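Asks: Let me begin by handing over the structure; questions about it come next.
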Amino acid sequence: MEYIYHIAVLFCLYGILTISFNLLVGFTGMFALSHAALYAIGAYTTAILATDFGIPFPLDMIASVLVAAVISAVIALPALRVTGHYLVIVSLALQIIVLQVILNWKSLTRGSDGISGVPSYNAFGFAITSPDRFLIVALIALAACYWFTHRLVRSPFGRGLRAMRENESAAQAVGLNILYMKLSTFAISAALAAVAGSLFARYFRYVGVDSFTINETIYVLAMVILGGMGNLRGSLVGAAILVALPELLKFVPLPVDIADKIRLILYGLVLMLILLVRPQGLLPEPRGRKAMLVSVEDESGPSDAGKLLDGEGGRQGGVVLQGSNLRKQFSGVTAIKDFSIALKRGQITGLLGPNGAGKTTAFNLLTGFLKPTDGVITLNGRSIADRKPHELVSAGVARSFQDLRLFTNMTVIENVIVALPDQSGRRWPNLFLHPARIRAEERANAARAMEILRFVELENKAHETAADLSYAEEKLLVVARLLATGAEVLLFDEPMSGLDQTTLADIFPVLRRLAEHGKVVCIIEHNLDVIKELCDEVYFLDEGRTMAVGTPDALMNDPELAERYFK
Amino acid sequence: MDLFLQLLVNGFINGSNYALLGIGFGLIFSTTGIVHFAYGSVYTFAAYVAWFLATSFGLALLPSMAGAIVAAVLLGVACYTLLYRPLELRRAPPLIPLIASLGLNIMLENLNAIIFGSGVRSANFASEVYFAGPVFFTSVHIWQVVSCIAVVAALVVFLRKTRYGRAILAMTDDPNMARVVGIDTKKVSYIVFALGSAISAVAATLTLMKDGASTHMGFIAVFMGFVAVIVGGVGSLRGVIAGGFLLGIVESLGLWKISTEWQSSIAFIVLFIMIMLRPQGLFSIARR
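Next comes the structure, spelled out in structure tokens:
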């Protein structure tokens, strides 16, 4: 019986580790292999504080959590500059460095001897030494970690994580603060791993580096993959199976060292087989309606989305966003040589020019995705040179992308909701401090999103996955998502390309209505008919320079420009 | 000063070993995009096979190495056939082969340990000590440098002069374009897995001669190879050679001032600095 309890305690520890690793790898898509090192930091912090300084529970665990979170955030800062394979190699290096520090800082960690004699928990004079008593503590910790993470991922913050995982630049373009989300996730994931580490120290009453090698990260990875990336319940299932499975080996008479190796072989096999046979894991990530955070009833509620579709007011024709003498140089190549533009309230401005003229680069400069080498950009007269893209979105400048960059695995309505402004649930502490406010906001946002979808006539597709839309519908969703930001200045990168006449006829009035409502609209467009039909003013761009500015008719009758355009 | 010279020479010799590891790993990585962590186990396997041939049949260094190369090629190609190829056919996103390779590595590493036993296995290849002024080095050091030069020379000729070599370069440049112009990317993938594994066996046999073979030797080997590739710049042969030597020399010279137990951290500090300052690596073919 003792043995069963022991296995159950192990399950709790691995359950916590799996949940926290899934948050990082599955939900956020950040593949950092330094989890065992953070687990180690949690365990050592508790072991040192409890053994050498007599610090009681829960102070030891709190300290573990804080130390791991801070170290993780500090190491994440450089690591976050890189993604994909680079993050893998950097995090592996961190794993090795942390273990080396633990091994070599002998005065604190006792090096390769490890720290033994860690005091066990004490509750009302009872020492919690046996597995059955400890199991209660471990279960409570697991439940708390599960509840916390569940809250976190099923929230506006979690929705942001999914959006970021699908497309980072699009997430920035709808106003999400990527750095904040990544740092938070790194720190929280480390904090949860440290809870498991702290429990480890108190349960085994011994910590040594051997328990925290890279193999430990791979076990936990196998559990996450087996259970399903992006599914918390799956993580528990994965942990349960992979904790229990090797125990069956105990019933086979094998020499101890061979049995241990077979256990590792088993982990490796499970990892490979699941990727080959069922890469989504036993419990796949919820998709479509199941993944939604808002309930369907709320969508028909009253909405104030009209406000989002209106401009700020002010004089029609007044200059809102202005770029003067912009220059952008990439090592050696000057993409923009001299570009000036003034976008006016209530007007649709067209940006025209041959391929490679620098139109998209101009958009990138105006929306903060690139910093100009020279020149000034002002919004309502104030310089916005140092603002990041997400800050500009909340200041009122938003853009779409030529290649759409929808969050294709999210539903249509969620693509819109994620872009809505002023969501306090994007800051994760609010999820726990003001749950009622967040719920109310979510209800209101569901209704607002629905109204925006009605505006572009996509309301019937609201619960479909964005990947299942037709091309024309995708284009409409791009417009809807951009509108949802509530930004005053809307920059559309080729919103009409590839659409047939009937769909064009649908989008024209949408854009015109926005201008009438006082928005500032700018479009990049190749179709001269569209420009003629829609734009009040056109900038002709070629070779990184503004060649001409004027009404569509004036520009199109200029033979020199025509030659440049059709060359 | 003598110490400095000795450390510099040691670093150069270790660097040639890292360069060799990086060339093999990088050839596979930059051509197929697969982060082949199990490269470490293939390398370990090769070392054990060389040990087995040398101790059981009394073979000399070069025949043992030849046997190890054959074994490594077979295992490396098997890795591609049984694991990575099916994942590619399923159009798995790029991190999936990486995760799978971690599983493959942990499996092969422990199979190696079960087959060959744990603990250090060493082979007694003929070896001599030489002195050049105050600096000493041994036969194995010469072998390491010579084989690095030989592998690089052969590889350059192969890549530049043969049809498949040019196909590898094309695929490194742009796999999709390579497919479009009619290059058989499957065949090229098999070739780079065979070549990369063969190169790992050369490094493995010499490590066996120098330090012996052990269960966990593969992880640090694949790791240093990976670091050399990243520091040098993915897809650049010149880069990975420079990266390997840079790592070896910095690591060795670091010992001048820093105590030995921190030695392996030095390489990672180089990695961090490099990624912060020049993420594209010393030499980069990336044009984006």
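Chains as they are written, first to last, in full-length UniProt numbering: chain G, 1 to 567; chain Z, 1 to 288.
Glycine included, C-beta positions come from ideal geometry on N, C-alpha and C.
This structure is a prediction, so every number in the text was calculated from the model and none was measured.
With respect to the beta strand (DSSP E) encompassing glutamine 329 of chain G, which residues constitute its N-terminal and C-terminal limits?
Replies: It spans 319-330 - the beta strand (DSSP E) in which glutamine 329 of chain G sits, taken as one unbroken run.
Asks: To which residues of the same chain is arginine 288 of chain Z closer than 8 Å at the C-beta, ignoring the five residues directly before and after it?
Replies: With a pLDDT of 33 at arginine 288 of chain Z, under the threshold of 50, the predicted position of this residue should be treated as unreliable, though the coordinate-derived value follows. Here the set comprises nothing.
Asks: What did DSSP end up calling aspartate 493 of chain G once you bin it into helix, strand or coil?
Replies: Aspartate 493 of chain G: strand per DSSP, three-state reduction.
Asks: Which residues does DSSP list as the beta-bridge partners of serine 116 of chain G?
Replies: Per DSSP, G/Tyr206.
Asks: Suppose the cutoff is 7 Å on Cβ atoms and the five residues either side in sequence are ignored; what does the same chain contact list for lysine 210 of chain Z look like?
Replies: Cβ within range, chain order: Val140.
Asks: Check the Cβ of serine 265 of chain Z against every Cβ in chain G and list those closer than 7 Å, keeping chain order.
Replies: Result: Ile97 and Gln100.
Asks: From Z/Phe219, Z/Thr44 and Z/Leu27, pick the residue whose C-alpha is nearest to that of glycine 117 of chain Z; which is it?
Replies: Comparing Cα-Cα distances from glycine 117 of chain Z to each of Z/Phe219, Z/Thr44 and Z/Leu27, the minimum goes to Z/Thr44.
Asks: Whole angstroms are fine: how far does the CA of valine 231 of chain Z sit from the CA of isoleucine 69 of chain Z?
Replies: Their Cα atoms are separated by approximately 27 Å.
Asks: To the nearest angstrom, report how far apart leucine 276 of chain G and leucine 83 of chain Z are at their CA atoms.
Replies: Rounded to the nearest angstrom, the two C-alpha atoms are 8 Å apart.
Asks: Which residues in chain G sit within 8 Å of glycine 103 of chain Z, going by Cβ to Cβ distance?
Replies: Those are Ile218, Ala222, Tyr267, Gly268, Leu269, Val270, Leu271, Met272 and Leu275, listed as they occur along chain G.
Asks: Since tyrosine 86 of chain G meets chain Z, which of its residues come closer than 8 Å, beta carbon to beta carbon?
Replies: Correct list: Ile230, Ile275 and Pro279.
Asks: CB-CB under 7 Å to lysine 359 of chain G, same chain, minus the five flanking residues each way: which ones, in chain order?
Replies: The answer, listed in chain order, is Leu351, Gly353, Ile524 and Leu541.
Asks: Which word fits lysine 461 of chain G, buried or exposed, when buried means at least 16 other C-beta atoms lie within 10 angstroms of its C-beta?
Replies: Label assigned to lysine 461 of chain G: buried.
Asks: Within the 8 Å Cβ cut-off, does valine 35 of chain Z reach chain G?
Replies: With 8 Å as the cut-off, valine 35 of chain Z counts as an interface residue toward chain G.
Asks: Using a Cβ-Cβ cut-off of 6 Å (strictly less than) and excluding sequence neighbours within five positions of threonine 378 of chain G, which residues of its own chain qualify?
Replies: The residues are Gln322.
Asks: CA-CA distance, leucine 5 of chain Z and tryptophan 256 of chain Z?
Replies: Answer to the nearest angstrom: the Cα atoms are 11 Å apart.
Asks: Going by Cα to Cα distance, which pick from Z/Thr31, Z/Val42 and Z/Met1 is closest to methionine 217 of chain Z?
Replies: Looking at the Cα atoms, Z/Val42 is the closest of the given residues.
Asks: How long is the line joining the alpha carbons of leucine 483 of chain G and valine 549 of chain G, rounded to whole angstroms?
Replies: Looking at the two C-alpha atoms, the distance is approximately 27 Å.
Asks: Which residues in the same chain have their Cβ closer than 6 Å to the Cβ of alanine 286 of chain Z, if we skip the five residues on either side of it in sequence?
Replies: Residue placement at alanine 286 of chain Z is poorly supported in this model, since its pLDDT is 46, which falls under 50; the coordinates still yield a value, given next. These residues qualify, in order along the chain: Gln280.
Asks: Valine 237 of chain G lies in the alpha helix (DSSP H); which residues open and close that run?
Replies: Residues 232-248.
Asks: Can you check whether the CB of methionine 224 of chain Z is closer than 8 Å to the CB of residue 292 of chain Z?
Replies: There is simply no residue 292 of chain Z to check, as chain Z begins at 1 and stops at 288 in what is shown.
Asks: Name, in chain order, the residues that DSSP records as bridge partners for aspartate 374 of chain G.
Replies: In the DSSP output, where bridge partners are listed per residue, aspartate 374 of chain G has G/Arg327.
Asks: Nearer than 7 Å: is that true of the beta carbon of glycine 58 of chain Z relative to any heavy atom of the ligand NAD?
Replies: The model on display carries no ligand, and the ligand NAD is accordingly not part of it.
Asks: Can you pull the chain G residues whose beta carbon is under 8 Å from the beta carbon of isoleucine 96 of chain Z, in chain order?
Replies: Within 8 Å Cβ-Cβ: Leu275 and Pro279.
Asks: Check for me: the beta strand (DSSP E) holding isoleucine 348 of chain G runs from which residue to which?
Replies: Isoleucine 348 of chain G -> beta strand (DSSP E) spans 348-352.
Asks: Under 8 Å Cβ-Cβ, which residues of chain G neighbour phenylalanine 100 of chain Z?
Replies: Note on residue identity: the sequence assigns alanine, not phenylalanine, to residue 100 of chain Z. Result: Leu271, Met272, Leu275 and Leu276.
Asks: Indicate the three-state DSSP secondary structure (helix, strand or coil) for arginine 154 of chain G in the structure shown.
Replies: Reduced to three states, the DSSP call for arginine 154 of chain G is coil.
Asks: Checking contacts by CB at 8 Å: is asparagine 110 of chain Z closer than that to chain G?
Replies: Answer yes: the Cβ-Cβ gap between asparagine 110 of chain Z and chain G drops below 8 Å somewhere.
Asks: Please classify glycine 332 of chain G: is it buried, with 16 or more other beta-carbons within 10 angstroms of its beta-carbon, or exposed?
Replies: Label assigned to glycine 332 of chain G: exposed.
Asks: Determine, using beta carbons only, whether proline 272 of chain G and alanine 100 of chain Z come nearer to each other than 8 Å.
Replies: The identity of residue 272 of chain G in the sequence shown is methionine, whereas the question assumes proline. Contact flag set, yes.
Asks: Are glutamine 402 of chain G and aspartate 506 of chain G touching if we call contact CB-CB under 8 Å?
Replies: Taking 8 Å as the Cβ cut-off, glutamine 402 of chain G and aspartate 506 of chain G do not qualify as a contacting pair.
Asks: Measure the alpha-carbon distance for alanine 163 of chain G versus lysine 475 of chain G and round it to whole angstroms.
Replies: Going from the Cα of alanine 163 of chain G to the Cα of lysine 475 of chain G covers about 18 Å.
Asks: For alanine 213 of chain Z versus tryptophan 51 of chain Z, is the C-beta distance shorter than 8 Å?
Replies: Contact: yes.
Asks: In the stretch 69-81 of chain G, which residues sit with their C-beta less than 8 Å from some C-beta in chain Z, listed in chain order?
Replies: Listed by position, the residues of the stretch 69-81 of chain G near chain Z (Cβ gap below 8 Å) are Pro78 and Arg81.
Asks: Is the separation between the beta-carbon of alanine 515 of chain G and that of glutamine 280 of chain G shorter than 8 Å?
Replies: Against a cut-off of 8 Å, the Cβ pair of glutamine 280 of chain G and alanine 515 of chain G comes out as no contact.
Asks: Which residue marks the beginning of the alpha helix (DSSP H) containing aspartate 257 of chain G, and which one marks its end?
Replies: 256-277 is the span of the alpha helix (DSSP H), which, as asked, contains aspartate 257 of chain G.
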